[in-house]
Amino acid sequence: MNITGEELLKKIIAHAKEYGFVFQSSEIYDGMSAVYDYGQNGVELKNNIRNYWWKSMVQFNDNIVGIDSAIFMHPTIWKASGHVDAFNDPLIDNKDSKKRYRADVLIEDYIQKIENKIAKEVEKAQARFGEAFNEKQFRETNPRVLENQVKIDEINKRFNNSFEKNDLDDIKLLIEELKIVCPISGTCNWTEVRQFNLMFSTQMGSVSNESNTIYLRPETAQGIFVNYLNVQKTGRMKIPFGIAQTGKAFRNEIVARQFIFRMREFEQMEMQYFVKPGDEMEWYKYWKETRMKWHLSMGIDAHKYRWHDHEKLAHYANAAADIEYQFPFGFKELEGIHSRTDFDLNAHIKHSGKKLQYFDPETNESYVPYVVETSIGLDRMFLALLCNSYKEETLEDGSTRVVLNIPPPLAPYKVAVLPLMKKDGLPEKAQEILCELKSDFMCMYEEKDAIGRRYRRNDAIGTPYCITVDHQTLSDNTVTIRYRDTMLQERINISELRAKLFEITRFNPIR
Ligand code: GAP
Numbered sequence: 001m002n003i004t005g006e007e008l009l010k011k012i013i014a015h016a017k018e019y020g021f022v023f024q025s026s027e028i029y030d031g032m033s034a035v036y037d038y039g040q041n042g043v044e045l046k047n048n049i050r051n052y053w054w055k056s057m058v059q060f061n062d063n064i065v066g067i068d069s070a071i072f073m074h075p076t077i078w079k080a081s082g083h084v085d086a087f088n089d090p091l092i093d094n095k096d097s098k099k100r101y102r103a104d105v106l107i108e109d110y111i112q113k114i115e116n117k118i119a120k121e122v123e124k125a126q127a128r129f130g131e132a133f134n135e136k137q138f139r140e141t142n143p144r145v146l147e148n149q150v151k152i153d154e155i156n157k158r159f160n161n162s163f164e165k166n167d168l169d170d171i172k173l174l175i176e177e178l179k180i181v182c183p184i185s186g187t188c189n190w191t192e193v194r195q196f197n198l199m200f201s202t203q204m205g206s207v208s209n210e211s212n213t214i215y216l217r218p219e220t221a222q223g224i225f226v227n228y229l230n231v232q233k234t235g236r237m238k239i240p241f242g243i244a245q246t247g248k249a250f251r252n253e254i255v256a257r258q259f260i261f262r263m264r265e266f267e268q269m270e271m272q273y274f275v276k277p278g279d280e281m282e283w284y285k286y287w288k289e290t291r292m293k294w295h296l297s298m299g300i301d302a303h304k305y306r307w308h309d310h311e312k313l314a315h316y317a318n319a320a321a322d323i324e325y326q327f328p329f330g331f332k333e334l335e336g337i338h339s340r341t342d343f344d345l346n347a348h349i350k351h352s353g354k355k356l357q358y359f360d361p362e363t364n365e366s367y368v369p370y371v372v373e374t375s376i377g378l379d380r381m382f383l384a385l386l387c388n389s390y391k392e393e394t395l396e397d398g399s400t401r402v403v404l405n406i407p408p409p410l411a412p413y414k415v416a417v418l419p420l421m422k423k424d425g426l427p428e429k430a431q432e433i434l435c436e437l438k439s440d441f442m443c444m445y446e447e448k449d450a451i452g453r454r455y456r457r458n459d460a461i462g463t464p465y466c467i468t469v470d471h472q473t474l475s476d477n478t479v480t481i482r483y484r485d486t487m488l489q490e491r492i493n494i495s496e497l498r499a500k501l502f503e504i505t506r507f508n509p510i511r
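Structure follows, in structure tokens:
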């Protein structure tokens, strides 16, 4: 498809709505920005991604167990974790349009425009030199690329410096110096930059006062930290061990855009791996490799992934990296792997007064474990899969189809059972097959419309296999199985269907 990323994203959003994957929340009341609902196909895909993550982390690892902690937690937890004081975004308003922006995002967008210029230069050179083109060398020597890269580096350096020192005046100055204008009013008439806390708060109980203020959790990780000793003791876990959790998180994101990439209510899949102090770098490396293998095991092209190793580390981390995916709007964070030291456990020891140490029976010593965290957004993984699998194809006969080639184990429906006609006993035979399969597989049953249209509808929701029951089925107990990606068909005996579907819809465990 020769279209811009923006156009592609629009098509994907429209497709997600038309085929029951994702709807705008509260749509009939004109919607709520950055809040989305998953439809009948979306919820299946989402459940499948979550289950695959859970299997890979919990079922395949003897030393990782799961929990499901409450969304409401003691407010002091968020003081200890640093979220009350420092979980902020720098905001700026345009005085003319009255629109509010994240100052860092305005600068990020400005940098993106320079990056687009570089990408254009690279594209032009690629077209000129063809096969012989050496992109790395071109980027390192072309004067226009170098000049633009220097600009980017300088802006990043200045912004990071000011951000770290909480010098909000300088961030405003930078925006003005770069002549960044509001996309609505087109003016540079900005307010001061202010810090804005991203946590949603509410009141617990009937009396509304400050001491009853609680927060909707902005990450699931703290539920793991505060339960670490409960799990370690009751599960008799020995270090190294992990605790995994999936669940909702809430952030009052100001910049609402890019569909389900940045939401106010979203779901995380997080795992905290508790290790002996000093061993954390070995495990950090291990989890970086293991998580990347997990992503590639879903058949997504490797070139759509890249690493972003953090140079500037948060105060609690001694190493951190993001797995970035190439969304239609560029490479963006999909998962974070962080070596978080003993920061969180120590903070909870300090604030709760409880001993959260691990006693090592082999060495007879007690210590506060270090933690390596893997944290991925379920909705972002959903979006990555949707973007990766959306294809518009022109077929040999000139007709077109939209197909989602979602990996079969993750597809909302594994198989569609389709009687060729609505007569001659074909629906009854198809229903028999459906009853055989539906206890093990999500099956779609459809008898309305011509078979070709039913195939197309299933292509559009990513159903990998269609089984068609025809007149021959009644005489020899065979059906045709049609493969979504190749559209090839073969005849197969009904007695072999279950085993075949098990084989082709099963993920290979990653180790
Ligand atoms: N416990 C660590 C943590 O929460 P994070 O980088 O803030 O780290 C982890 O979030 C992951 O959660 C991100 O890589 C992203 O996939 C997802 N995520 C974060 N904010 C999100 C949002 N507003 N909407 C959707 N996903 C989000």
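The C-terminal residue of the sequence shown carries number 511 in our numbering, and the numbering is unbroken. For each residue, glycine too, the CB sits at the ideal point set by N, CA and C.
Item to check | Assumed close pair Gly66, Ala249 - CB separation to whole angstroms, cut-off 8 Å | outcome: Gly66 to Ala249, Cβ: 16 Å. No contact.
Item to check | 6 Å CB neighbourhood of Leu180 in its chain, flanking five on each side removed | outcome: Correcting the residue type first, residue 180 is Ile in the shown sequence and not Leu. Excluding residues within five positions, the ones whose Cβ falls inside 6 Å are Leu106 and Tyr110.
Checklist entry - Does DSSP classify Tyr413 as helix, strand or coil? => result When secondary structure is reduced to three states using DSSP, Tyr413 falls in the coil class, being assigned neither helix nor strand.
Checklist entry - Using 8 Å as the Cβ pair cut-off and three pairs as the minimum, do the stretch 126-137 and the stretch 211-230 touch? => result Taking a cut-off of 8 Å for Cβ pairs, the stretch 126-137 and the stretch 211-230 do not touch, as fewer than three such pairs fall below it.
Checklist entry - Can we say the stretch 396-404 touches the stretch 308-321, given the rule of at least three CB pairs closer than 8 Å? => result Segment contact: the stretch 396-404 against the stretch 308-321, fewer than three CB-CB distances shorter than 8 Å; contact not assigned.
Next on the checklist: Given 6 Å as the limit, tell me if Glu335 has its C-beta closer than that to any heavy atom belonging to the ligand GAP.
Outcome noted: Glu335 Cβ: within cutoff of the ligand GAP.
Checklist entry - Does the stretch 2-9 come close enough to the stretch 317-333 to have 3 or more Cβ pairs within less than 8 Å? => result Contact between the stretch 2-9 and the stretch 317-333 is present: three or more C-beta pairs spanning the two stretches fall below 8 Å.
Next on the checklist: Please report the straight-line C-alpha distance between Arg264 and Tyr305, rounded to a whole angstrom.
Outcome noted: One Cα belongs to Arg264, the other to Tyr305, and the distance between them is close to 25 Å.
Item to check | Buried versus exposed, by CB contacts within 10 Å (16 or more), Arg506 | outcome: Arg506 counts as exposed, since fewer than 16 other C-beta atoms from the protein chains shown sit within 10 angstroms of its C-beta.
Checklist entry - Assuming Gln195 and Asn88 make a contact with CB atoms under 8 Å, what is their CB distance in whole Å? => result Right, the Cβ-Cβ distance comes to about 4 Å (below 8 Å), so this counts as a contact.
Next on the checklist: Quick check: what's the CA-CA separation for Cys435 versus Thr473?
Outcome noted: Rounded to whole angstroms, Cys435 to Thr473 spans 16 Å at the Cα level.
Item to check | Through-space distance from Asp37 to Gln24, alpha-carbon basis | outcome: In this structure, the alpha-carbon of Gln24 lies about 6 Å from that of Asp37.
Checklist entry - For Lys117, does the three-state DSSP call read helix, strand or coil? => result Three-state DSSP puts Lys117 in a helix.
Checklist entry - Can you tell which of Asn148, Pro464 and Trp190 has its C-alpha closest to the C-alpha of Lys99? => result Closest option to Lys99, Cα to Cα, is Trp190.
Checklist entry - What are the residues that DSSP puts in a beta bridge with Trp307? => result Paired residue(s): Ile323.
Checklist entry - If you check the beta carbons only, do Asn318 and Ser339 fall under 7 Å apart? => result Going by C-beta atoms, Asn318 is nearer than 7 Å to Ser339.
Next on the checklist: Relative to the C-alpha of Ala221, which candidate in Met381, Arg380, Ala80 and Leu497 has its C-alpha closest?
Outcome noted: Each of Met381, Arg380, Ala80 and Leu497 was checked against the Cα of Ala221, and the nearest Cα belongs to Ala80.
Checklist entry - Which value, in whole angstroms, describes the spacing of the CA atoms of Asp30 and Cys443? => result If I take the Cα positions, the gap works out to 34 Å.
Checklist entry - Does DSSP classify Thr473 as helix, strand or coil? => result Here Thr473 sits in helix by DSSP.
Checklist entry - Would Lys172 pass as a contact of Val193 if the rule is Cβ separation under 7 Å? => result For Lys172 and Val193, yes; Cβs fall inside 7 Å.
Next on the checklist: Using 8 Å for Cβ pairs, my map puts Leu420 next to Thr468. What's the rounded Cβ distance?
Outcome noted: In this structure, Leu420 and Thr468 form a Cβ contact; the two beta carbons are roughly 6 Å apart against a cut-off of 8 Å.
Next on the checklist: For Arg491 and Ile481, what's the separation of their Cα atoms in angstroms?
Outcome noted: Cα to Cα, Arg491 sits roughly 6 Å from Ile481.
Next on the checklist: Please classify Leu378 as buried or exposed, where buried requires at least 16 other C-beta atoms within 10 Å of its C-beta.
Outcome noted: Residue environment for Leu378: buried (at least 16 other C-beta atoms within 10 angstroms of its C-beta).
Item to check | beta strand (DSSP E) segment containing Ala249, residue limits | outcome: Note, Ala249: beta strand (DSSP E), Phe241 to Phe250.
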